[in-house]
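Below is one structure; the comments refer to it alone.
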Amino acid sequence: MNISEHLSSRNGQLRKTLIVLSVWILFSIFGNPDLFAQNDSLPSFNQLRTPTSPVFVLLGVEPSSIERPNSPSDVAVSILNRTNYASSLPRDFAIEMSPYWLFSHPELSWSDDTLRNVLQSIVRTVTISVATAQIGDEQQPVTGLGASVRTSIVSGTTSGESKDNLIRAQKELGKQATFLQNMYSANLDKQLKLDLRNAGEDSAKKDTILQKYNSEKRAALEMALKDSTYIALVQKGQSSLQDLAAVREGFMLELSAGIVMNYPNNSTDSGKVGRYGVWLTPSYQTRDISTVGVIRFIGNNIDPSQNVFDIGGRIIYTNDKYALSLEGVFRKSTNAKEKKDLYRIAGNFEYLVLKNVWLQTTFGRDYTSSTNGSLIAQLGLAFNFSKDRFSYD
Amino acid sequence: MPQEKKVTEEIVVSETREYNIDSRAPIYLTIKIGDAQVGGTAVSLDGNNIAEGVINNLMIGKTGDDLSNGILNCLTKVKQSNPATMRNSVTYTLTGGVAPKEYPFEGKFSQPGNTAIYQLTLILSK
Chain A
2 MNISEHLSSR NGQLRKTLIV LSVWILFSIF GNPDLFAQND SLPSFNQLRT
52 PTSPVFVLLG VEPSSIERPN SPSDVAVSIL NRTNYASSLP RDFAIEMSPY
102 WLFSHPELSW SDDTLRNVLQ SIVRTVTISV ATAQIGDEQQ PVTGLGASVR
152 TSIVSGTTSG ESKDNLIRAQ KELGKQATFL QNMYSANLDK QLKLDLRNAG
202 EDSAKKDTIL QKYNSEKRAA LEMALKDSTY IALVQKGQSS LQDLAAVREG
252 FMLELSAGIV MNYPNNSTDS GKVGRYGVWL TPSYQTRDIS TVGVIRFIGN
302 NIDPSQNVFD IGGRIIYTND KYALSLEGVF RKSTNAKEKK DLYRIAGNFE
352 YLVLKNVWLQ TTFGRDYTSS TNGSLIAQLG LAFNFSKDRF SYD
Chain B
163 MPQEKKVTEE IVVSETREYN IDSRAPIYLT IKIGDAQVGG TAVSLDGNNI
213 AEGVINNLMI GKTGDDLSNG ILNCLTKVKQ SNPATMRNSV TYTLTGGVAP
263 KEYPFEGKFS QPGNTAIYQL TLILSK
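Protein chains in written order, with our numbering: chain A, 2 to 394; chain B, 163 to 288.
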């Protein structure tokens, strides 16, 4: 291929990239008009963004090799668009679910959850994830399908600022409840007491009185909710109801494990266990800065000489709409003949461009600098859906 | 384009129940807001406000007071503070009467950012 053909080819790929990105952004906008992220009361990035599935690490498609501890939701879906030129639709998907939060927990108040023991932490943060990615190439396509589990053995504590916000919210909601109650119930309750006293022991009369009271009470409450004075009170109190998502801080320790099946040519008969791994992620989190470490073993069932140990660290700065981080991972092979130790250094920037849509850029050096593709220069979109998880209001 | 904030409140529960009392002894009310959500309650007795906010072992009446046919009205507003779930729940517990009794209720925020309203009227009867 000569230079002009090469340039023409690169221009063509860039054009395709822009077209695909534009289609996705337009689809997102017109598909849901309520998509623009607002930052008035947005929870911190750590609470909003579910980290990418551990299976992506085993599939080798993770945008970052060291993920901060998980903030689970009952169900979350991640879609990575990580092709070098974003020149095709997303191919890498994960679905992650938290068994604990699929059920109601009426016994658990927010103040009970500020500090967890080990068992409570494990149960409340355990998530199960299934993911798939294309891990081969055009000549030899391979679909990877994996499953993982992760949980926090230690999950920090609710921050002081979060506790203050929640206590303030309790007071404001109590105040609003009193105002509302005074609007609709005082006269009804006094009348009910009088009517029940007059009814004496007549149970049929009492039933009629109660039916009438219930329907009048409901109607009066519905009307009070629409009252302009009440609505003005609620609007005025909105500032006391901001930043309610409890932020957890302090030391955390997460344990993850997973396994991947490889399916060459997408054939189910050809499937075999590929990589598997287990790792610990200790971290220390504050609202804006997290320092995260990793100690990891990844085994390769197809070629055990490629079993490796990783040890690394990452520092992440976040605010409401973006996250900036730098990571370094040192890799040692378990193969005694492999003399050269490998390392990865990458910088990562994520920006919340639309609701549930993050623009991700990663630059750096992957483990084997002498091989093609070891330069990390990725731009992509991550779609992270968690059904009705949190409001951006 | 930034959207105006909407406050949507939805009535999850509006119920009336009975609680059997000894006529001359105080009773105690505790209201627990579950699923790690945040909320506040207003409590009135016979149309008069007696408490607001977090309700934990609230004493209603004094020894010697006749609470029979009393109308205890509880209104709880719950806001989502737990990003892990859209569920909400409130449990009202009364003790000091003939026997302790719990009144548990559950719901779901239909939209993120909504407020759930639980309203329970308790008729104190002998």
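Just so you know, even glycine gets a beta-carbon here, dropped at the ideal spot from N, CA and C.
Interface residue (Cβ-Cβ distance to chain A less than 8 Å): B/V200 is classified as such. For B/S287, no alpha helix (DSSP H) segment is defined; the enclosing uninterrupted segment is the beta strand (DSSP E) at T277 to S287. Among the residues of chain B, those whose CB is under 8 Å from the CB of A/D190 are S206, D208, G209, I233, N235 and T283, following chain order. The contact set of B/K239 on chain A, defined by CB atoms closer than 7 Å, consists of L174, Q177 and A178 in chain order. Our two residues, A/S229 and B/P262, have alpha carbons roughly 40 Å apart in a direct line. Counting of Cβ neighbours within 10 angstroms places A/E351 among the buried residues, the total reaching 16 or more. The alpha carbon of B/N250 has as its nearest neighbour, out of A/S66, A/W102, A/D190 and A/S306, the alpha carbon of A/W102. Residues of chain B with a Cβ closer than 7 Å to the Cβ of A/P73 are, in chain order, A246. With contacts defined as CB atoms closer than 8 Å, A/V155 and A/S112 fail to qualify as a contacting pair. Within 8 Å of the CB of B/D197, the CB atoms of chain A belong to S105, H106, P107 and L109, in sequence order along the chain. B/I173 has a beta carbon lying within less than 8 Å of a beta carbon in chain A. Taking C-beta atoms as the reference points, B/G201 and A/K172 fail to come closer than 8 Å. Below the 7 Å Cβ cutoff, chain B contributes T178 as neighbours of A/N215, in chain order. Annotation: the segment 234-275 of chain B contains the following complete segments of the beta strand (DSSP E) (minimum length 3 residues), in chain order: 249-257 and 263-270. Per DSSP, B/V174 is one residue of the beta strand (DSSP E) stretching across E171 to N182.
Interface annotation, A/K164: not in contact with chain B, CB-CB separation never under 8 Å. Look at A/S216 here: in three-state DSSP terms it is helix. Here A/F180 is buried: its Cβ has 16 or more other Cβ atoms, across all protein chains shown, within 10 Å.
Taking C-beta atoms as the reference points, A/R332 and A/D311 count as a pair closer than 8 Å.
In the same chain as B/Q281, and ignoring 5 residues on each side of it, the C-beta atoms closer than 6 Å to its own belong to S176 and L237, in chain order. Among the residues of chain A, those whose CB is under 8 Å from the CB of B/K194 are P107, E108 and S110, following chain order. Under the three-state reduction of DSSP, A/S112 is assigned to coil, being neither helix nor strand. For B/K194, same chain residues with a beta-carbon under 6 Å away, outside a window of 5 residues either side, are T253 in chain order. Non-local C-beta neighbours of A/S65 in its own chain, meaning closer than 8 Å and more than five positions away in sequence, comprise T53, R315, S326, E328, A347, N349 and T363, ordered along the chain. DSSP, reduced to helix, strand and coil, places A/T126 within a helical segment of the structure shown. In this structure, DSSP gives A/F104 a state outside helix and strand, which the three-state scheme calls coil. In the three-state reduction of the DSSP assignment, A/Q286 falls in the strand class, which pools E and B. Distance from the CA atom of A/I129 to the CA atom of B/I212, rounded to whole angstroms, is 47 Å. A straight-line Cα-Cα distance of about 21 Å links A/A246 and A/N118.
Between B/G232 and B/P188, the C-beta gap is not smaller than 8 Å, which leaves the two residues out of contact. Against chain B, the CB of A/L193 has a partner CB under 8 Å away; the residue lies at that interface.
Annotation for A/A221: Y185 and L189 place their beta carbon closer than 7 Å to its own, counting only its chain and skipping 5 residues before and after. Ranked by Cα distance from A/Y285, the first of A/V261, A/Y323, A/I317 and A/R297 is A/I317.
Within chain A, the residues whose beta carbon sits less than 7 Å from that of B/G215 are Q171, K172 and G175, listed in sequence order.
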